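J.: Under the working numbering, the very last position in the sequence shown is 454; numbers go up by exactly one each time.
We treat Cβ as the ideally placed atom computed from N, Cα and C, and that holds for glycine.
Keep in mind the model is a prediction, meaning the values are calculated, not measured.
A single structure is presented below for examination.
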Amino acid sequence: MRRGWWVFRWLGTGIGLLTLITYSCSQENTEECKLSRTGPPATIVAINEESPNGTVLVENMQINGRAEDPGRTISLSLQNNYDYWVILDAKRQILFLNSTGRVLDRDPPLSIQSIVVQVQCTNELVGTVILHEVRIVVRDLNDNTPQFQRPPYYVAVNELTPTGTTIFTGFSGSNGATDIDDGPNGQIEYFIQYNPNDPISNRTFSIPLTLSGGIVLRERLNYEERTRYLVIIQANDRAPYSGNRRTATTTLTVDVLDGDDLGPMFLPCTLVNNTRDCSPITYRAAIPELTAPNRINPVNVTPTIRAIDQDRNIQPPSDRPGILFTILVGKPENYAEFFTLNRTTAELRLLKPISRDLYHTFDLVVKAEQDNGHPLPAFASLHIEVLDENNQAPYFQVSTYQGFVIESAPVGTTISSNANLTNPWASSLWTMTLRR
Numbered sequence: 019m020r021r022g023w024w025v026f027r028w029l030g031t032g033i034g035l036l037t038l039i040t041y042s043c044s045q046e047n048t049e050e051c052k053l054s055r056t057g058p059p060a061t062i063v064a065i066n067e068e069s070p071n072g073t074v075l076v077e078n079m080q081i082n083g084r085a086e087d088p089g090r091t092i093s094l095s096l097q098n099n100y101d102y103w104v105i106l107d108a109k110r111q112i113l114f115l116n117s118t119g120r121v122l123d124r125d126p127p128l129s130i131q132s133i134v135v136q137v138q139c140t141n142e143l144v145g146t147v148i149l150h151e152v153r154i155v156v157r158d159l160n161d162n163t164p165q166f167q168r169p170p171y172y173v174a175v176n177e178l179t180p181t182g183t184t185i186f187t188g189f190s191g192s193n194g195a196t197d198i199d200d201g202p203n204g205q206i207e208y209f210i211q212y213n214p215n216d217p218i219s220n221r222t223f224s225i226p227l228t229l230s231g232g233i234v235l236r237e238r239l240n241y242e243e244r245t246r247y248l249v250i251i252q253a254n255d256r257a258p259y260s261g262n263r264r265t266a267t268t269t270l271t272v273d274v275l276d277g278d279d280l281g282p283m284f285l286p287c288t289l290v291n292n293t294r295d296c297s298p299i300t301y302r303a304a305i306p307e308l309t310a311p312n313r314i315n316p317v318n319v320t321p322t323i324r325a326i327d328q329d330r331n332i333q334p335p336s337d338r339p340g341i342l343f344t345i346l347v348g349k350p351e352n353y354a355e356f357f358t359l360n361r362t363t364a365e366l367r368l369l370k371p372i373s374r375d376l377y378h379t380f381d382l383v384v385k386a387e388q389d390n391g392h393p394l395p396a397f398a399s400l401h402i403e404v405l406d407e408n409n410q411a412p413y414f415q416v417s418t419y420q421g422f423v424i425e426s427a428p429v430g431t432t433i434s435s436n437a438n439l440t441n442p443w444a445s446s447l448w449t450m451t452l453r454r
């Protein structure tokens, strides 16, 4: 009986040991293909675009098991390896970049921002399969230069545009410069670059908001002084390190349009000391006295009374104002009884005959102004002379004259008006001399 108990005990111990050994082996077999590391199940790495062929992507997948003979316990292979960008060294569990004959480019047209593959592990001991995801993030490099999309750029601005006005927004959207890099490497800022051939443009315009690139007028324009500006625009990306930033330039042509900021001027214009101011002009006319208006109208004025708007290129031409002429003041004050001036042609017309016995000259002030109410008129002088008519015969002031001369006086002696011969007998009109 006691002997049977020992047999039973021995059998129980043997069965226990066999069960333990079997469990231990089973536990080891199921650990194959699992990751030996802790953390998330996916392996995530990052590399730069344009990395050279053979760049190590993953140094060690850290998968449990042996993938080479002798003693192989697992088999490794790649799944979903798009375009075969990844090479697997199964024995060492290393992943390499395969870019033979091509470039890993994050930018268009390839636009490879990430590569995702699965490392398939087959447990050779039990036949189970585990897929391990590997995500390769492609980092952007600042390897592209901004490009302006629609050069040349042009804008026309009226000279009366107030300062502070945004005169150009043509760099917004896809019209300006673009950079196919990503993130800050692809963001664009705009600046005005110094133009040695047009240095004034730098102080005349500005870009307060560099990201939008809107051009703002800083100083007033003057068509009469400058009709065109050439503004050099620089676009650069915003790479974190300023030394790596790439730039591009283009030219913005700004044409100044004539605005209605100047009044008329009389012609001809003689500039004063090389300024833009005209010397005062005096028009002249001469009228014979007592001449009937129908014989002289329109009165000949030298030079012809003319005036033009100094803003000569207002566009469209239909917006250009006309010129109106009037006689503002004059001397004598009753000049309006004798003269009138056509408001649009500036023709001078005589209204009635003038007697020189009453008026020798007329001095008038002519005003020229725009027909749109512009507050800057021009003024000129008009001098009119009344010519004497030869309508009076000469006459003697007395009926009898008495003169004295010595009897021996030679021919040509002036006759005296007294016996002392001290006062030559002469007048402002005639002189009497002795003749044989």
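List the DSSP bridge partners of Asp327.
T.: Answer is Pro282, bridged to Asp327.
J.: For Thr228, which residues of its own chain have a beta-carbon under 8 Å away from its beta-carbon, when the five flanking residues on both sides are left out?
T.: The answer, listed in chain order, is Glu207, Tyr208 and Phe209.
J.: According to DSSP, is Ala108 part of a helix, a strand, or is it coil?
T.: Residue state, collapsed to three classes: coil.
J.: Could you tell me the distance, in whole angstroms, from the CA atom of Pro202 to the CA atom of Asn292?
T.: Rounded to whole angstroms, Pro202 to Asn292 spans 54 Å at the Cα level.
J.: Among the candidates Ala195, Ile250 and Gln131, whose CA atom is the shortest distance from the CA of Asp216?
T.: Considering only alpha carbons, the answer is Ile250.
J.: Pop quiz: Glu407 and Pro335 are said to be a contact at Cβ under 8 Å. What is the actual Cβ separation, rounded to whole angstroms?
T.: So it is not a contact: roughly 48 Å between Cβ atoms.
J.: Please work out which residues of its chain come closer than 7 Å, Cβ to Cβ, to Glu67, disregarding the five sequence neighbours upstream and downstream, and give them in chain order.
T.: Closer than 7 Å at Cβ, skipping near neighbours: Leu122, Asp123, Arg124, Val156, Arg157, Asp158 and Leu159.
J.: Would the beta-carbon of Ile92 fall within 8 Å of that of Leu53?
T.: Contact: no.
J.: Please return the same chain residues whose Cβ sits closer than 8 Å to the Cβ of Gln167, not counting the five positions on each side in sequence.
T.: Excluding sequence neighbours, Gln167 sits near Ser192, Asn193, Gly194, Ala195 and Thr196.
J.: How about Ile332 and Arg338: are their beta carbons less than 8 Å apart?
T.: Their beta carbons are under 8 Å apart, which means Ile332 touches Arg338 by this criterion.
J.: Can you tell me where the alpha helix (DSSP H) with Thr222 in it begins and where it stops?
T.: It spans Ile218 to Thr222 - the alpha helix (DSSP H) in which Thr222 sits, taken as one unbroken run.
J.: Hey, could you find the ends of the beta strand (DSSP E) Thr269 is sitting in?
T.: First-last of the beta strand (DSSP E) with Thr269: Thr265 to Leu275.
J.: Do you know how far the Cα of Lys370 is from the Cα of Thr418?
T.: So the alpha carbons of these two residues sit roughly 42 Å apart.
J.: Can you tell me which residues form a DSSP beta bridge with His401?
T.: According to DSSP, which records beta bridges pairwise, His401 is partnered with Arg302 and Asp381.
J.: Compute the Euclidean distance between the alpha carbons of Arg294 and Glu351, then round it to the nearest angstrom.
T.: Rounded to whole angstroms, Arg294 to Glu351 spans 34 Å at the Cα level.
J.: So His150 is in the beta strand (DSSP E); what residue range does that whole segment cover?
T.: From DSSP, the beta strand (DSSP E) with His150 extends over Val147 to Arg157.
J.: Starting from the Cα of Gln205, find the closest Cα among Thr61, Gly182 and Gly231 and give me that residue.
T.: Nearest option by C-alpha distance: Gly231.
J.: Could you round the C-beta distance between Tyr100 and Ile133 to whole angstroms and report it? I think they count as a contact, below 8 Å.
T.: Confirmed, about 7 Å.
J.: Among the residues of its own chain, which have a CB less than 8 Å from the CB of Arg263, if the five just before and after it don't count?
T.: So the qualifying residues of the chain are Asn160, Asn254, Asp255, Arg256 and Ala257.
J.: Determine the DSSP secondary structure at Thr179, reduced to helix, strand or coil.
T.: In this structure, Thr179 counts as coil in the three-state DSSP scheme.
J.: For Phe236 versus Thr222, is the C-beta spacing smaller than 8 Å?
T.: Looking at the sequence shown, residue 236 is not Phe but Arg. Yes, they are a contact pair.
J.: Measuring only between beta-carbons, confirm whether Thr268 sits less than 8 Å from chain B.
T.: Of the protein chains in this structure there is only one, and it is not chain B.
J.: Just the Cα atoms here: how many angstroms apart are Asn98 and Gly188?
T.: Using only the alpha carbons, I get a separation of about 46 Å.
J.: With burial defined as no fewer than 16 other Cβ atoms inside 10 Å of the residue's Cβ, what is the status of Ala354: buried or exposed?
T.: The residue in question, Ala354, is exposed, as its Cβ has fewer than 16 Cβ neighbours within 10 Å.
J.: Looking at the unbroken beta strand (DSSP E) that takes in Glu15, where does it start and where does it end?
T.: Because residue 15 is not part of the residues shown, which for the chain are 19 to 454, the question remains open.
J.: Compute the Euclidean distance between the alpha carbons of Leu143 and Asn47, then round it to the nearest angstrom.
T.: The alpha-carbon atoms of Leu143 and Asn47 are separated by roughly 6 Å.
J.: Do Thr363 and Leu342 have their CB atoms nearer than 8 Å?
T.: No, these two residues do not count as a Cβ contact at 8 Å.
J.: With respect to the beta strand (DSSP E) encompassing Asn390, which residues constitute its N-terminal and C-terminal limits?
T.: Neither: Asn390 is in no beta strand (DSSP E) and is coded neither H nor E.
J.: So Val383 packs on Val347, CB below 8 Å; how close in whole Å?
T.: Between Val347 and Val383 the Cβ distance is about 5 Å, and since that is below 8 Å, they are a contact.
J.: Would you kindly work out how many angstroms separate the C-alpha atoms of Met283 and Thr320, rounded to a whole number?
T.: Going by the C-alpha atoms only, they are around 17 Å apart.
J.: Can you tell me the Cα-Cα spacing of Leu128 and Leu94, whole angstroms?
T.: Rounded to whole angstroms, Leu128 to Leu94 spans 29 Å at the Cα level.
J.: In the DSSP assignment, the beta strand (DSSP E) including Gly348 goes from what residue to what residue?
T.: Residues Ile341 to Lys349.
J.: Suppose you measure from the CA of Ile299 to the CA of Tyr241; what does that come to, to the nearest Å?
T.: About 25 Å.
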